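The next block holds one structure in the form of structure tokens; read it before the comments.
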Amino acid sequence: MRPMRATAVRTRNLTKRYGERAAVDGLDMTLPSGAITGFVGPNGAGKTTTIRMLLGLIRPTEGDGEVLGRPLVEAAEYLPQVGAMIEGPAFYPTLTGRRNLEVLARLGGIGPAKIDEVLELVDLSDRADDPYRSYSLGMKQRLGIAAALLPDPALLILDEPTNGLDPAGIRDTRALLRRLSDGGMTVVVSSHLLSEIQQMSDHLVMIQRGALVFEGGVEELIDRQPTEVVARPEFPDDVPALVLLCERAGYRVEARDGSVRVTAPTSWSPELNRRAMAAQITLASLSIEQVSLEEAFLAITEPTNGLRTAREVRS
5 MRPMRATAVR TRNLTKRYGE RAAVDGLDMT LPSGAITGFV GPNGAGKTTT
55 IRMLLGLIRP TEGDGEVLGR PLVEAAEYLP QVGAMIEGPA FYPTLTGRRN
105 LEVLARLGGI GPAKIDEVLE LVDLSDRADD PYRSYSLGMK QRLGIAAALL
155 PDPALLILDE PTNGLDPAGI RDTRALLRRL SDGGMTVVVS SHLLSEIQQM
205 SDHLVMIQRG ALVFEGGVEE LIDRQPTEVV ARPEFPDDVP ALVLLCERAG
255 YRVEARDGSV RVTAPTSWSP ELNRRAMAAQ ITLASLSIEQ VSLEEAFLAI
305 TEPTNGLRTA REVRS
């Protein structure tokens, strides 16, 4: 049993500049132990640069931080407890999957018994003795995850782990990461598949232009975005009256396809039902459309377009 830490990773004013350009700009974040953290942002936001600093591959220009209780400048002390797959796995193409893992295990002083364990975890046991060059992209990704798991890490950092996987492979990877997290491992996943991040993550860190724009629970971010209350009157002729009722309450309203869509808090739904009844408008249906993580992401990273543009992008 590993001692539990309240915080697995913490950064303070973490900054990396290349000339005049700040790839990471004063990043403050705190990642909880034993949780799955989704690390998201647009292309070029600084995600990979941040991960490289956490792994000691590049040095910060300014700022500091801790990983597993040790400062970034002491990366050699915590890296044996960290497993990582960054920007796609790299293996010897002529060696089998198993032999590639054996090479890595020998270099890391890891016993051979661990190899069969991680191959089983990523569902590659039946292809372990095939050459790596014969693997599909998804299989290569799974072998990369297996390599990251070899040291039995306290912290697992994966960059685009579901790249190239089919829907079943994505589902299995999500289940694997959940099992690892439930077992006490801290998992950090950087991905562009926001629907997957929404399903798997306990914690979310969102950055843009190298700076933090949100940190917290996925549901917390979604709850901050306006919802749409959708009401469909039983009789289409009641649509104008229902629109007027909502406008008088001070909300933005749109009539579409026989329904009235009101940009309002979730709590407005029962109030709308009561006011419709008082106005003798019978509602055939009343529902709430909450934004997805992708829509919330676009609303934050493209603020000039707003939430409606995010919905238009989805459709």
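Using the working numbering, you'd call the opening residue of the sequence shown number 5 and step up by one each time. Every residue, glycine too, gets a C-beta built ideally from N, C-alpha and C. All values derive from a computational prediction rather than experimental measurement.
Using the beta-carbon count (16 or more within 10 Å), is residue i buried or exposed?
i             : result
tyrosine 22   : exposed
glutamate 293 : exposed
threonine 286 : exposed
alanine 303   : buried
alanine 314   : Confidence at alanine 314 is low in this model, with a pLDDT of 31, below 50, so its placement is unreliable and the value that follows should be read with caution. Per the 10 Å Cβ criterion, buried.
tyrosine 136  : buried
glycine 310   : Low confidence applies here, because glycine 310 scores a pLDDT of 39, under 50, leaving its location unreliable; read the following figure in that light. It is exposed - the Cβ of glycine 310 has fewer than 16 other Cβ atoms within 10 Å.
tyrosine 139  : buried
glutamate 24  : exposed
asparagine 47 : exposed
tyrosine 3    : Outside the displayed span of the chain (5 to 319) sits residue 3, for which this structure offers no information.
serine 194    : buried
So, under 8 angstroms CB-CB, residue i and residue j are touching, yes? Tell me the CB distance rounded to an integer number of Å.
i              : j           : result
glutamine 202  : leucine 297 : 4 angstroms
alanine 268    : valine 233  : 5 angstroms
isoleucine 114 : proline 155 : 6 angstroms
leucine 147    : leucine 128 : 6 angstroms
leucine 184    : leucine 160 : 7 angstroms
Could you tell me which residues DSSP puts in a beta bridge with residue i?
i              : result
isoleucine 211 : Leu216
alanine 268    : Thr231
glutamate 70   : Arg14 and Pro75
isoleucine 292 : Val233
valine 193     : Gly42 and Leu162
Quick one: grab the DSSP three-state call for residue i.
i              : result
arginine 14    : strand
glutamate 275  : helix
threonine 166  : coil
leucine 160    : strand
proline 155    : coil
isoleucine 304 : helix
isoleucine 62  : coil
valine 77      : helix
What residue does the alpha helix (DSSP H) around residue i start on, and which one ends it?
i            : result
serine 185   : 171 to 186
proline 46   : Where proline 46 is concerned, there is no enclosing alpha helix (DSSP H), given that its DSSP letter is neither H nor E.
proline 237  : From DSSP, proline 237 is part of no alpha helix (DSSP H) but of the beta strand (DSSP E) over 231 to 237.
threonine 53 : 51 to 58
Output the boundary residues of the beta strand (DSSP E) element that contains residue i.
i             : result
proline 36    : 25 to 36
valine 257    : 256 to 260
methionine 89 : 86 to 89
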